[in-house]
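For reference, the structure discussed in these notes is given below.
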Amino acid sequence: MTPGLGPGVAAVILTQTIAAVGTMAVVPSLPFFALNKLGASAVEVSMLGACYNFTQMLCSPAIGSLSDRIGRKWVMLGGLLLQALCNCVQAEVQSPAGLLMARAMVGAAISTGPVEMAYIMDFTQSEADLGHTLALQRMCCNAGALLGPLIARSMEPFGFPLLSRGLACINLICLLLGAFLWEGTRQIFAAEEDAASPASVSSAIKEEEAGSDGEAQQQPPTTTIPTTTTT
11 MTPGLGPGVA AVILTQTIAA VGTMAVVPSL PFFALNKLGA SAVEVSMLGA CYNFTQMLCS
71 PAIGSLSDRI GRKWVMLGGL LLQALCNCVQ AEVQSPAGLL MARAMVGAAI STGPVEMAYI
131 MDFTQSEADL GHTLALQRMC CNAGALLGPL IARSMEPFGF PLLSRGLACI NLICLLLGAF
191 LWEGTRQIFA AEEDAASPAS VSSAIKEEEA GSDGEAQQQP PTTTIPTTTT T
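Under this note's numbering, think of the first position of the sequence shown as 11, with each following residue one higher.
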């Protein structure tokens, strides 16, 4: 195991890997489902990725700010729950417009990626451990992304809706893992805010001044011994 890799960080990497498998099993099938089953045009197919990335770009800053206030864990758990709901909606769409809306919703729900990276940084003790952890995280996610299309190929006879429902089940599995293994970070931020508050700073200054006054009172008076010179 990588040095400094705690159970919470390991759980984040595990859930990211599982999510990468499910996501890359669904994404390659999207254009074929839109064209062959829903009768989407080429423009509508090209808009699938644009809607996803646009909502993700809009929501990521707000979600990152929210995680600073209420904690990383709860934002990540909420994101997984929303992803499961959005993937269930995606499995039931009957038109290209519905599929575009579903992909936009998934993009908003999956914009917790930066929060997961912030969680890893919060719970990694040193910069050296952080470098090893991020390298391991990237390797695991890439391995999951490579495995996803193979699963999609084996599940092709069952259709795209079943893949979307399977991805929703994966989201719920990750939700359970995170609920038990991820650590909350609210206490860390509260302690940092208390330490940086003006009241705590002023009390620390007063304690330091009182300590210096006490040391000055305890020092014994110094006496000087006159010296005589003889000629």
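Cβ coordinates follow ideal geometry from the N, Cα and C atoms, glycine included.
These numbers were taken from a predicted model, which means no experiment stands behind them.
Give the range of the alpha helix (DSSP H) segment to which Phe170 is assigned. 170-191
Contact defined as beta carbons within less than 8 Å: I believe Cys184 pairs with Thr25. What is the distance between those atoms, to the nearest angstrom? 4 Å
Helix, strand or coil for Met67 per DSSP? helix
So, Leu156 versus Pro17, is the Cβ gap smaller than 8 Å? no
Do you know offhand how far Ala29's Cα is from His142's? 21 Å
I need the straight-line Cα distance from Pro244 to Arg113, nearest angstrom please. Because the chain here runs from 11 to 241, residue 244 falls outside it and cannot be looked at.
Burial state of Phe168 (16 or more Cβ within 10 Å): exposed
Buried versus exposed, by CB contacts within 10 Å (16 or more), Leu90: buried
Nearest-angstrom Cα distance between Tyr62 and Val53? 15 Å
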